[in-house]
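A quick write-up on the structure given underneath.
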Ligand SMILES: NC(=O)c1ccc[n+]([C@@H]2O[C@H](COP(=O)([O-])OP(=O)(O)OC[C@H]3O[C@@H](n4cnc5c(N)ncnc54)[C@H](OP(=O)(O)O)[C@@H]3O)[C@@H](O)[C@H]2O)c1
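In my numbering, the protein residues as written are 96 to 392.
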């Protein structure tokens with residue numbers, strides 16, 4: 096564990112970020128590049144990754160400040176390969192930002208037999224964090240996960256008896272309600288994961304944080320057909336720009352104010368209180384154990 100003698104700042108730190116090719120992640124990566132962070136972006140699409148890296152290098156004013164690691168966050172093998180590449184190419188990791196996320200209108204299973212929303216939004220952060228945790232402990236680093244106020248829609252909490260979401264996707268009006276409840280469950284999982292991770296990191300110097308970006312105008316939910324696109328077009332009228340949605344994320348990565356804090360859920364740079372299901376420490380512990388089983392290869 097590294098002893099932090101001077102105030103925390105992102106300048107010169109190594110930041111691993113998922114979902115930096117669009118929306119909130121891209122806005123955060125641009126700001127972090129501007130502030131002098133060295134970025135390792137994990138992305139699934141090589142062309143988009145190259146374009147994003149070129150933009151970030153331009154902002155950073157240096158080619159050596161941005162690395163690309165390719166991974167599809169729905170595939171555990173792909174995540175393991177990217178983590179291996181990261182660990183072998185970069186000796187220090189200071190911040191991990193688990194930001195990639197999606198919603199799926201139709202129920203799909205991944206190559207690992209997991210339901211797709213669960214795999215990308217919850218298991219991918221869980222697995223990636225597990226694989227990089229020793230490096231993050233060494234640097235007294237920060238793990239930041241993009242959660243959502245939408246967790247409140249998971250009114251039954253995490254349904255451990257429906258992990259592959261068969262029941263969830265058969266809810267009435269399944270095209271919207273099933274997918275939304277499933278998405279909410281994964282965002283609830285992000286908050287529970289953060290609180291349990293913080294407990295497990297106590298005494299190591301590393302910390303865990305999650306946040307609610309608000310309603311943000313991004314590419315989110317654009318690949319889900321006309322009904323989803325129409326809903327998002329209406330929601331855009333009430334949305335924040337990506338830069339505003341990324342503000343709390345950048346603050347969590349860069350600010351010295353949160354040194355000493357861990358396990359919290361933030362909205363607009365303030366500790367916020369999530370819904371009761373997200374505060375249940377027994378559920379958080381159970382989720383951790385179930386997730387561990389789900390990432391056994
Ligand atoms: N927008 C909102 O109002 C809102 C509100 C609360 C929380 N959030 C959360 O914010 C996070 C970012 O979403 P966003 O709104 O910025 O949406 P976005 O513009 O669609 O960005 C999503 C990012 O995740 C990446 N991604 C998705 N699936 C992936 C996969 N299988 N493998 C690798 N990367 C993948 C995307 O990569 P590609 O570029 O290759 O597609 C993209 O970079 C998500 O966790 C979301 O749940 C969003």
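Built from N, CA and C at the ideal position, the CB exists for glycine as well.
Owing to the predicted nature of the structure, the values given are computational and were not obtained by experimental measurement.
Worksheet entry | Paired residues, beta bridge with residue 320 - DSSP | Taking the chain shown and counting its residues from 1, one reaches residue 320 at position 225. Beta-bridge pairing links residue 320 to no other residue.
Worksheet item: How should residue 387 be labelled, buried or exposed, when 16 other C-beta atoms within 10 angstroms of its C-beta is the threshold for buried?
Response: Position 292 of the chain shown, counted from the first residue, corresponds to residue 387. With fewer than 16 Cβ atoms within 10 Å of its Cβ, residue 387 is classed as exposed.
Fill in: residue 308 Cβ short of 7 Å to ligand 1 heavy atom set
What you label residue 308 is simply residue 213 of the chain shown in a count that begins at 1. Checking the Cβ of residue 308 against ligand 1 gives yes.
Worksheet item: Three-state secondary structure (DSSP) at residue 201?
Response: Counting from one through the chain shown, the residue named residue 201 turns up at place 106. Correct three-state label for residue 201: coil.
Practice prompt. Would you check whether ligand 1 has a heavy atom nearer than 7 Å to the C-beta of residue 139?
Written response: Along the chain shown, one-based indexing puts residue 139 at 44. Flag set: Cβ of residue 139 near ligand 1.
Worksheet entry | Nearest candidate by alpha-carbon position, reference residue 135, set 173, 178, 169 | As a working note, residue 135 is residue 40 in the chain shown. The shortest C-alpha separation from residue 135 is found at 178.
Worksheet item: Can residue 249 and residue 292 be called in contact, C-beta distance under 8 Å?
Response: The residue given as residue 249 occupies position 154 in the chain shown. The residue given as residue 292 occupies position 197 in the chain shown. No.
Discussion item. Which residue marks the beginning of the alpha helix (DSSP H) containing residue 244, and which one marks its end?
Written reply: The sequence position of residue 244 within the chain shown is 149, counting from 1. No alpha helix (DSSP H) holds residue 244; DSSP gives it neither H nor E.
Worksheet entry | Rounded C-alpha distance that separates residue 385 from residue 189 | Position 290 of the chain shown holds residue 385. Position 94 of the chain shown holds residue 189. Between residue 385 and residue 189, the C-alpha separation is close to 27 Å.
Fill in: Endpoints, beta strand (DSSP E) assigned at residue 368
Translated into positions along the chain shown, residue 368 becomes position 273. Going by DSSP, residue 368 is part of no beta strand (DSSP E) at all; its letter is neither H nor E.
Worksheet item: CB-CB under 7 Å to residue 200, same chain, minus the five flanking residues each way: which ones, in chain order?
Response: Residue 200 sits at position 105 when you count from the first residue of the chain shown. Correct list, in chain order: 270, 274, 319, 320, 323.
Fill in: Length of the line joining the Cα atoms of residue 341 and residue 104
Translated into positions along the chain shown, residue 341 becomes position 246. Translated into positions along the chain shown, residue 104 becomes position 9. Their Cα atoms are separated by approximately 17 Å.
Worksheet item: If you measure from the CB of residue 375, is any heavy atom of ligand 1 nearer than 7 Å?
Response: Along the chain shown, one-based indexing puts residue 375 at 280. Shortest gap from the CB of residue 375 to any heavy atom of ligand 1: 7 Å or more.
Discussion item. So if DSSP puts residue 134 in a beta bridge, which residue, or which two residues, is it bridged to?
Written reply: Counting from 1 along the chain shown, the entry for residue 134 is found at position 39. Residue 134 is bridged to 110, 161.
Worksheet item: In three-state DSSP terms, what is residue 335?
Response: Here the question's residue 335 lines up with position 240 in the chain shown. Correct three-state label for residue 335: strand.
Worksheet item: Are the CB atoms of residue 344 and residue 239 nearer to each other than 8 Å?
Response: Translated into positions along the chain shown, residue 344 becomes position 249. Translated into positions along the chain shown, residue 239 becomes position 144. Remark: C-beta atoms of residue 344 and residue 239 approach each other more closely than 8 Å.
Item to complete: Output the distance between the C-alpha atoms of residue 367 and residue 108, rounded to the nearest integer angstrom.
Response: The residue given as residue 367 occupies position 272 in the chain shown. The residue given as residue 108 occupies position 13 in the chain shown. One C-alpha to the other measures close to 27 Å.
Discussion item. Helix, strand or coil for residue 175? Go by DSSP, reduced to three states.
Written reply: As a position in the chain shown, residue 175 is number 80, starting the count at 1. Note: residue 175 maps to helix in three-state DSSP.
Item to complete: Please say whether residue 234 and residue 379 have beta carbons closer to each other than 8 Å?
Response: For the purposes of this step, residue 379 is taken as residue 284 along the chain shown, with counting starting at 1. For the purposes of this step, residue 234 is taken as residue 139 along the chain shown, with counting starting at 1. Against a cut-off of 8 Å, the Cβ pair of residue 234 and residue 379 comes out as no contact.
Discussion item. Here's a check: name, in chain order, each residue in its chain whose Cβ is nearer than 6 Å to the Cβ of residue 187, leaving out the five neighbours to either side.
Written reply: As a position in the chain shown, residue 187 is number 92, starting the count at 1. Contacts found: 109, 234.
Practice prompt. Mark residue 361 as exposed unless 16 or more other C-beta atoms lie within 10 angstroms of its C-beta, in which case mark it buried.
Written response: Here residue 361 refers to the residue found at position 266 of the chain shown. Around the beta-carbon of residue 361, 16 or more other beta-carbon atoms lie within 10 Å, marking it buried.
Item to complete: Look up residue 154 in the DSSP assignment and say whether it is helix, strand or coil.
Response: On the chain shown, position 59 is the one that residue 154 refers to. Residue 154 falls in the helix class under three-state DSSP.
Worksheet item: Is the Cβ-Cβ distance between residue 161 and residue 148 less than 8 Å?
Response: Taking the chain shown and counting its residues from 1, one reaches residue 161 at position 66. Taking the chain shown and counting its residues from 1, one reaches residue 148 at position 53. Cβ atoms of residue 161 and residue 148: closer than 8 Å.
Worksheet item: By DSSP, does residue 188 sit in helix, in strand, or in coil?
Response: Numbered from 1 along the chain shown, position 93 holds the residue referred to as residue 188. The answer is coil: DSSP assigns residue 188 none of H, G, I, E or B.
Discussion item. Are there any heavy atoms of ligand 1 lying less than 7 Å away from the beta-carbon of residue 168, as far as the coordinates show?
Written reply: As a first step, residue 168 is located in the chain shown; it is residue number 73 there, counting from the start. Yes, the beta carbon of residue 168 sits closer than 7 Å to at least one heavy atom of ligand 1.
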